[in-house]
Amino acid sequence: MKFTKAIALICTAAVMTGLMSSCTAKNAASEESTGTAANGAVYALSNENADETTQKVYQYICENFGTSMLSCQQESTWMGTPDYEMDYILETTGKLPAMRGLDYMNGDFKGVNERAVKWWNEGGLVTICWHTGINGKGYQESLDDVPDFDKLLTEGTDEYNKMIANWDKAAAALSELQDAGVTVLWRPFHEFDGGWFWWGKDGGESFVKLWQMMYDRYTNQFGLNNLIWVLGYSGDVKNGWYPGDDYCDIIGSDTYDNSTNSKAWKRLQKITDASKPMTFHECGNVPSVEDFEKDGCLWSWFMIWHTDHIMGNDPENLKNVYNSDKVITLDELPEFIAKE
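The sequence shown begins at 10 in our numbering and counts up one residue at a time.
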C-alpha cells in the first residue's frame, strides 16, 4: 500500500467512528482466515476452510477497510467488446480498476470464467453477481418470476429440484474458477430487500432460508473454498433480512442517487454485533473522494455499473477518483499468490 501507517490511522479514526473496537465473529475461524483493520477490528471469514489465497484477499480487504477504497467496474458484453468499460476508464484516467464485476446472466458461465481468469492472471480481483430466473436465463426472468416459496424451499418438490439444478450450474462454474486458483467475491441475490427480484418477493424470512440453503450447498457439498460471500442490500437496508454472521463475509448496499450512500453505511453498521467490512457494491455516478471522506464512509470498494452509467460520470471527477491516494487501482494491488 502507498499510505503511511500514520495516515491510515488518521483516516480510520475519521471514518470508523461507531464501529466496535473488537469485532470478532461469533464462531471465529482460525487466525489464517481472519483480517484485521487498521483500527484493530478483527473480521473472520465465515468458511473456516477457505483456501490460502482467499484468506489473503480477505485479509487485504479488511486491512484497508476504512482507509482506502478498491476501484471496481461492472462489465457489459454487448458493446462490441467485453472491455468496453475498462477501455474507457483507461483512456479517461490512465488507470484500470482493481476489481472487475461480472455476471453469470443468461448462463454465460464459460465466457464469464474466461474473462475472470484473464483478469485474475493480470493481477486483478473478481466479483461475480447473477441475474437469473428461478430456473435460469437472465435479467427479465429475475424480475418476472413469482415463486411459490413454500414449494421452492421444500426439498424434493419439482420447484426445488429445478432451482437447485440451476444453482448447480453456477456451482460447477465457480468450481472451475477454484481449480484455476481464482478467488471470487460472490454476490448472489443482490438488492434482495428491494423486493423487485424474485428472491426478495416473499420477505426476509424466506430470503434468509434461501441464502442459507445456497451457502450450505456451495460450501459444504461443493466445497467451494474460493468464495468470499458478499451480502448486497438495496439502498434501504431493511431490517429482518440478515442471514447471520456465519453465512456472509462482507455486507453492502447500493444506490444510484449520486450520493456516497452514507445513510446505508449507518444502517449497515447496526446489522450485526460482529460487524463486517462494508461495500458500495453498485453505483451510477461515483462521488468525489472528498465527499466520501466528508461523509465518513470509505467503503471497501465502490463499483460503477456498466454502459450508460460509467459513461455518464463526469470525466474529470472520474480521473481524480482513480488517481486519488485513497483509491486502489489494478497496478497497486499486491500479489495474492506466492511465486514459487
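Just so you know, even glycine gets a beta-carbon here, dropped at the ideal spot from N, CA and C.
Contacting residues, own chain, Cβ-Cβ under 7 Å from residue i (five flanking each side not counted)
i	result
D304	T269 and S271
G372	Past the boundaries of the shown model lies residue 372; the chain is included only from 10 to 349, so the question cannot be answered.
H140	D112, M114, G147, Y148 and S151
T163	Y169
8 Å Cβ cutoff met for residue i and residue j
i	j	result
D323	T281	no
I259	W195	no
N229	E185	no
G145	N175	yes
E84	E94	yes
L339	L105	yes
H315	G293	no
Nearest-angstrom Cα separation, counted from residue j out to residue i
i	j	result
C257	M287	11 Å
H290	K218	23 Å
V298	G209	32 Å
P91	D177	25 Å
E150	M172	13 Å
F158	W250	16 Å
K275	F311	16 Å
D117	D211	27 Å
G213	V246	12 Å
D300	M78	13 Å
D154	A273	28 Å
R124	P197	19 Å
E61	P252	25 Å
T166	K127	39 Å
K335	E344	19 Å
E302	Y224	34 Å
Residues near residue i in its chain [Cβ-Cβ closer than 6 Å; skip 5 each side]
i	result
Y242	D202 and S262
T33	Below a pLDDT of 50, predicted positions are generally treated as unreliable, and T33, at 34, falls in that range; the measurement from the model is reported next regardless. V51.
P296	T269
Y227	A180 and L233
N267	N294
Counterpart residues of residue i in DSSP-defined beta bridges
i	result
I313	Q82 and C292
S262	Y242 and F289
I98	I98 pairs with nothing; no bridge assigned.
R196	C138
I337	L79
V51	T45
Beta carbon proximity, residue i to chain C, threshold 8 Å
i	result
C71	Among the chains in the structure shown there is no chain C, since it carries only a single protein chain.
Checklist entry - At which residue ranges does the segment 104-181 contain complete beta strand (DSSP E) runs of 3 or more residues, listed in the order of the chain? => result 108-112 and 134-138
Item to check | Start-end ranges of the beta strand (DSSP E) lying completely within the segment 200-255, minimum 3 residues | outcome: Assignment of beta strand (DSSP E) within the segment 200-255, counting only whole runs of 3 or more residues, yields 236-242 in chain order.
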